[in-house]
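Read left to right, the sequence shown gives residues 5 to 433 (the numbering used here). Before any comments, here is the structure.
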Amino acid sequence: MAMCMSIQEVHDLLDNISTLIGGFLYDKAKESLEREREATKLSPVTSWNVLVNGLIQLSLAEKSYMSLMFLAHKSFLRKDSSARVCYEALSLEYQRVADGLTDSTLDLCLLRAYRQLLHFVRGRLTLLEFYEKLWLVGSGKIRGVSELTEQLENFASDQEANFDHPHLAALKAVVRYEVRTLLSMLRTQEQLETWQFLPALMSLNEAHTHLNKFSACVQSRETRRLLFRRASQEPELIQWLQRLRAALVATFSLYFREVLSAQSSGSEFKALCAKTAADHFARLQSFQRKMDAALVALAFDGTEEAVRGGLGYRHPEQRVPPAGQHPKPYPAVLCCSKSDVQAALWPEVVAALAEPKLELSSSRVSHAWLGPSAAQSAFFLAISDCLTLVVVFDGRRSEKDSYVTSFMLETAAALRCSKIYHSLRPGAK
Numbered sequence: 005m006a007m008c009m010s011i012q013e014v015h016d017l018l019d020n021i022s023t024l025i026g027g028f029l030y031d032k033a034k035e036s037l038e039r040e041r042e043a044t045k046l047s048p049v050t051s052w053n054v055l056v057n058g059l060i061q062l063s064l065a066e067k068s069y070m071s072l073m074f075l076a077h078k079s080f081l082r083k084d085s086s087a088r089v090c091y092e093a094l095s096l097e098y099q100r101v102a103d104g105l106t107d108s109t110l111d112l113c114l115l116r117a118y119r120q121l122l123h124f125v126r127g128r129l130t131l132l133e134f135y136e137k138l139w140l141v142g143s144g145k146i147r148g149v150s151e152l153t154e155q156l157e158n159f160a161s162d163q164e165a166n167f168d169h170p171h172l173a174a175l176k177a178v179v180r181y182e183v184r185t186l187l188s189m190l191r192t193q194e195q196l197e198t199w200q201f202l203p204a205l206m207s208l209n210e211a212h213t214h215l216n217k218f219s220a221c222v223q224s225r226e227t228r229r230l231l232f233r234r235a236s237q238e239p240e241l242i243q244w245l246q247r248l249r250a251a252l253v254a255t256f257s258l259y260f261r262e263v264l265s266a267q268s269s270g271s272e273f274k275a276l277c278a279k280t281a282a283d284h285f286a287r288l289q290s291f292q293r294k295m296d297a298a299l300v301a302l303a304f305d306g307t308e309e310a311v312r313g314g315l316g317y318r319h320p321e322q323r324v325p326p327a328g329q330h331p332k333p334y335p336a337v338l339c340c341s342k343s344d345v346q347a348a349l350w351p352e353v354v355a356a357l358a359e360p361k362l363e364l365s366s367s368r369v370s371h372a373w374l375g376p377s378a379a380q381s382a383f384f385l386a387i388s389d390c391l392t393l394v395v396v397f398d399g400r401r402s403e404k405d406s407y408v409t410s411f412m413l414e415t416a417a418a419l420r421c422s423k424i425y426h427s428l429r430p431g432a433k
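If you want it as structure tokens, here you go:
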């Protein structure tokens with residue numbers, strides 16, 4: 005190690021570059037590091053040189069990561085320079101150098117820095133795999149987010165406990181805000197799928213708080229000045245998280261329409277819904293009127309989740325409903341119908357949903373005839389394990405009606421945020 009290097013210089017370098025990368029100023033970080041490399045180019049190759057060169061590669065990898073290019077098809081890359089490749093190379097290099105350091109005071113300082121940077125890049129590789137799984141959720145190859153939520157919770161705990169270098173605090177903050185934002189959103193989706201009003205509301209609020217903190221990292225005056233020529237001042241990852249949150253707010257507004265509409269006037273609530281990313285209720289209502297459907301509804305499977313799901317403010321740990329308040333099976337989350345039709349038809353819908361022969365599917369629309377004389381045609385599609393989209397028509401209608409099935413599949417995809425997850429891969433269709 006060159007004698008001019010000191011522990012303070014290591015700390016100053018880490019502080020400076022961590023702040024720049026944590027503020028999304030990747031080009032400025034690279035320029036600063038290249039000046040440092042030029043100033044020490046006559047020195048022999050040492051762990052200091054490796055640290056500087058590694059941080060240059062890290063700034064490039066982070067820029068690619070935040071632009072969501074890590075999921076791009078290989079054909080979109082001019083050369084093999086994706087974030088994944090950079091992180092994997094850095095992981096090997098940091099481990100190699102750390103294994104070769106001595107027990108001198110300066111090397112022990114560098115050893116901690118290398119180990120913490122190694123933990124960071126391995127964490128990034130874990131998140132790359134996680135986003136790949138989210139893309140698979142959007143592609144329909146993975147159903148539900150419960151398992152992914154648990155995985156992200158474990159990752160968040162590990163990062164909080166083990167990534168704690170005081171001179172890499174800005175990097176830790178970026179990871180914390182990103183992971184906490186995404187975790188809150190996945191919890192929201194999980195709670196929406198089981199129709200839990202208060203937990204979903206709290207998770208949405210947490211997502212809003214963490215996302216604002218994440219966005220604030222970009223909002224410094226210097227960052228704005230350097231990025232003012234761009235169409236957007238926020239990295240693509242933050243924009244994607246904003247789109248996911250907007251989609252969840254729209255779904256929340258639909259699932260809990262009854263309780264939310266009671267807290268404002270009809271015109272005010274309608275105007276608020278129109279401002280969401282997608283006014284799902286207006287779309288369902290328009291379809292019901294256009295197709296002259298007897299009923300378009302969402303049904304909640306109360307056989308297992310009713311003690312948790314519902315419209316009211318219930319304590320999250322209350323597992324058993326109060327005496328005399330046993331929930332009805334398959335209550336309607338919402339319903340668009342012809343006047344006075346719901347009360348007459350709903351018992352038939354419940355009977356069909358309880359019929360084992362129905363074979364509900366999340367990817368294929370099921371069909372059944374309702375009533376003693378099979379006078380109505382009913383279509384069913386599982387949005388989640390607990391929620392089912394139901395469309396009923398008076399008279400017999402072909403179970404292969406492409407317009408109806410396409411509408412139901414598109415609605416399910418929107419409520420599951422499938423398109424948002426699928427958009428993680430640039431060029432995905």
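C-beta: ideal position from N, C-alpha, C; glycine also.
Determine the contact status of residue i and residue j, defining contact as a CB-CB distance below 8 Å.
i	j	result
Ala372	Ala386	no
Glu197	Leu391	yes
Ser265	Phe256	no
Val222	Gln237	yes
His212	Tyr181	no
Leu18	Leu190	no
Leu105	Gly58	no
Cys339	Leu299	yes
Phe159	Ala297	no
Arg119	Tyr91	no
Val354	Pro376	no
Leu72	Glu240	yes
Leu245	Thr185	yes
Ala174	Gly26	yes
Pro335	Phe304	yes
Phe218	Leu258	no
In whole angstroms, what separates the C-alpha of residue i from that of residue j?
i	j	result
Glu154	Leu302	27 Å
Leu64	Gln163	22 Å
Glu414	Asp168	44 Å
Thr109	Ala165	25 Å
Arg401	Asp389	26 Å
Lys67	Ala417	31 Å
Ile60	Asn209	37 Å
Tyr135	Phe411	28 Å
Leu138	Val149	8 Å
Glu359	Glu352	11 Å
Ala33	Leu62	10 Å
Ala117	Leu419	44 Å
Ser365	Cys113	57 Å
Pro203	Ser10	51 Å
Asp107	Lys176	27 Å
Glu157	Glu363	33 Å
Arg368	Lys423	18 Å
Gln267	Val345	26 Å
Thr409	Ala281	23 Å
Val263	Met206	15 Å
Ser343	Gln289	13 Å
Leu115	Leu140	38 Å
Leu349	His426	37 Å
Val183	Ser161	10 Å
Ser271	Ala278	11 Å
Tyr98	Thr23	20 Å
Val178	Phe384	43 Å
From the DSSP output, which residues share a beta bridge with residue i?
i	result
Ala2	With the chain covering 5 to 433 only, the question about residue 2 has no answer from this structure.
Gly399	Gln380
His371	Phe383
Is it buried or exposed, residue i, if we count other Cβ atoms within 10 angstroms and call 16 or more buried?
i	result
Arg293	exposed
Pro21	At residue 21 the sequence reads Ile, which differs from the Pro that was named. Buried, since its Cβ has 16 or more Cβ neighbours within 10 Å.
Glu133	exposed
Leu37	buried
Glu188	The amino acid at residue 188 is misidentified as Glu; the sequence shows Ser. When all chains shown are included, Ser188 counts as buried.
Arg225	For Arg225, the predicted structure reports a pLDDT of 46, less than 50, and the residue's modelled location is therefore unreliable. A value from the coordinates is still provided. It counts as exposed.
Ala87	buried
Leu428	buried
Ala220	exposed
Gln200	buried
Arg82	At Arg82 the pLDDT is 47, less than 50, meaning the model places this residue with poor confidence and gives no usable figure here.
Pro170	exposed
Ser269	exposed
Asp103	exposed
Thr307	exposed
Gln478	No statement about residue 478 is possible, as the shown extent of the chain runs from 5 to 433 and does not include it.
Arg249	buried
Gly142	buried
Glu42	exposed
Ser341	buried
Is residue i near the ligand ZN, with its Cβ less than 7 Å from a heavy atom?
i	result
Lys45	For the ligand ZN, the structure offers nothing, since it holds no ligand at all.
Can you confirm whether residue i, when its beta carbon is compared against all beta carbons of chain B, has any partner nearer than 8 Å?
i	result
Ala378	In summary, chain B is missing from the structure at hand, where a single protein chain is found.
In chain order, which continuous runs of the alpha helix (DSSP H) of length 4 or greater are located wholly inside the stretch 105–149?
Counting only runs of 4 or more, we get 109–142.
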